[in-house]
DNA sequence: GCGACAG
DNA sequence: ATCTTGTCGC
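Residue numbers (this note's numbering): -11 to 286.
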């Protein structure tokens, strides 16, 4: 499978290794080298296990991330007193720019027409360190539960807002291809076309697997929310309705539904609504439980 | 300066 | 996503 996790790490190490002794580099500048400022948190988290002088990376306000830098330069009040290095030599535009373009090219493959299916499979993941569990829970459209399956994998790509496809996409696609069951359609934990580039995890998986998919997220990633009535809200992005906010059961907070692939906005909403006895629709809800339990045993 | 940022 | 105690409500 695409090993973007390793590529991400290698690119980070290549950048860090260029920071000379006596200087520091800003986290945001390092993130820019990799292609997207949104990766700052992921990078900050990865730094301690990165080959090279990772301690020379500082925050925007010059506050240090690692004590080891105080042995090389002056640190006052937790802030580094050293010139900022930002003359990175880079071969390309950064891995995240490349991945962003990959999604942009995939966008034309999204099909928002309706296709028939009698069952839908909820997908979710649970993590424990490097260990990752993918759970699939199949339901009939009528609401009847058919089966559950779990797969053990791993993920190296970090969580970066808007790049979830590269963290959870490969493990999920692997599980789908390894499954011996018939998988007609998917309900994914994450967004479909409700995404800055109109291509979230649900669309990514739906396209790669070639089946209908619906995205259901617990938090709003982007877009503007409009509530014509109290039960259903429209999510507008770039002047278009790309999804709905739905409230299920006695829940105060809504979930955000958007079509992934091979389904219309309205059918994605209708199917999701039919599974909303609780806040989280049943397929995804059950997959979440199954994944969590799968992590426990063994 | 403040808000926003799927899992 | 994960780390985590008690607490409020049905």
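Every residue gets a Cβ at the ideal spot worked out from N, C-alpha and C, and that includes glycine. Values in this document were obtained by computation on a predicted structure and should not be read as measured data.
For residue i, the first and last residue of its enclosing alpha helix (DSSP H)
i: residue 127; result: No alpha helix (DSSP H) holds residue 127; the beta strand (DSSP E) holding it covers 119 to 128.
i: residue 19; result: 15 to 22
i: residue 28; result: 28 to 34
i: residue 70; result: Where residue 70 is concerned, there is no enclosing alpha helix (DSSP H), given that its DSSP letter is neither H nor E.
i: residue 257; result: 253 to 262
i: residue 237; result: Note, residue 237: premise wrong, no alpha helix (DSSP H); not H, not E.
i: residue 191; result: 189 to 197
Assigned secondary structure, residue i (DSSP; H/G/I helix, E/B strand, else coil)
i: residue 268; result: coil
i: residue 135; result: strand
i: residue 180; result: coil
i: residue 247; result: strand
i: residue 98; result: coil
i: residue 65; result: coil
i: residue -8; result: helix
i: residue 47; result: coil
i: residue 112; result: strand
i: residue 213; result: strand
i: residue 59; result: helix
i: residue 157; result: helix
i: residue 162; result: helix
i: residue 174; result: strand
i: residue 37; result: helix
i: residue 289; result: Any question about residue 289 goes unanswered here, given that the chain covers just -11 to 286.
i: residue -3; result: helix
i: residue 12; result: strand
i: residue 277; result: helix
i: residue 83; result: helix
i: residue 7; result: coil
i: residue 90; result: helix
Of the listed residues the options, nearest to residue i (C-alpha basis)
i: residue 182; options: 42, 241, 84 and 202; result: 202
i: residue 97; options: 144, 199, 278 and 87; result: 199
i: residue 146; options: 115, 44 and 172; result: 115
i: residue -4; options: 82, 272, 184 and 207; result: 82
i: residue 192; options: 227, 224, 154 and 170; result: 154
i: residue -8; options: 210, 271 and 151; result: 151
i: residue 14; options: 71, 224, 237 and 133; result: 71
i: residue 65; options: 102, 76, 52 and 103; result: 52
i: residue 260; options: 141, 142 and 220; result: 220
i: residue 184; options: 76, 134, 242 and 26; result: 26
i: residue 105; options: 113, 67, 162 and 174; result: 174
i: residue 37; options: 240, 225, 238 and 144; result: 144
i: residue 162; options: 113, 129 and 117; result: 113
i: residue 239; options: 255, 218, 225 and 156; result: 218
Exposed unless 16 or more other CB atoms sit within 10 angstroms - verdict on residue i
i: residue 258; result: exposed
i: residue -11; result: Unreliable positioning characterises residue -11 in this predicted model, as indicated by a pLDDT of 46, which lies under 50. The coordinate reading is nonetheless provided below. Exposed, by the Cβ-count rule.
i: residue 282; result: buried
i: residue 127; result: buried
i: residue 196; result: buried
i: residue 246; result: buried
i: residue 266; result: exposed
i: residue 124; result: buried
i: residue 264; result: buried
i: residue 207; result: exposed
i: residue 41; result: buried
i: residue 7; result: buried
i: residue 284; result: exposed
i: residue 189; result: buried
i: residue 22; result: buried
i: residue 77; result: exposed
i: residue -6; result: exposed
i: residue 75; result: exposed
9 Å Cβ cutoff met for residue i and residue j
i: residue 160; j: residue 204; result: no
i: residue 39; j: residue 4; result: yes
i: residue 107; j: residue 166; result: no
i: residue 57; j: residue 44; result: yes
i: residue 279; j: residue 61; result: no
i: residue 11; j: residue 73; result: yes
i: residue 295; j: residue 209; result: Any property of residue 295 remains undetermined from this structure, which presents the chain solely from -11 to 286.
i: residue 169; j: residue 135; result: yes
i: residue 234; j: residue 94; result: no
i: residue 272; j: residue 80; result: no
i: residue 29; j: residue 148; result: yes
i: residue 236; j: residue 269; result: yes
i: residue 120; j: residue 140; result: yes
i: residue 84; j: residue 24; result: yes
Span of the beta strand (DSSP E) around residue i
i: residue 203; result: 201 to 205
i: residue 233; result: 228 to 234
i: residue 220; result: 220 to 225
Contact test: residue i Cβ vs the ligand SAM heavy atom, cutoff 8 Å
i: residue 134; result: For the ligand SAM, the structure offers nothing, since it holds no ligand at all.
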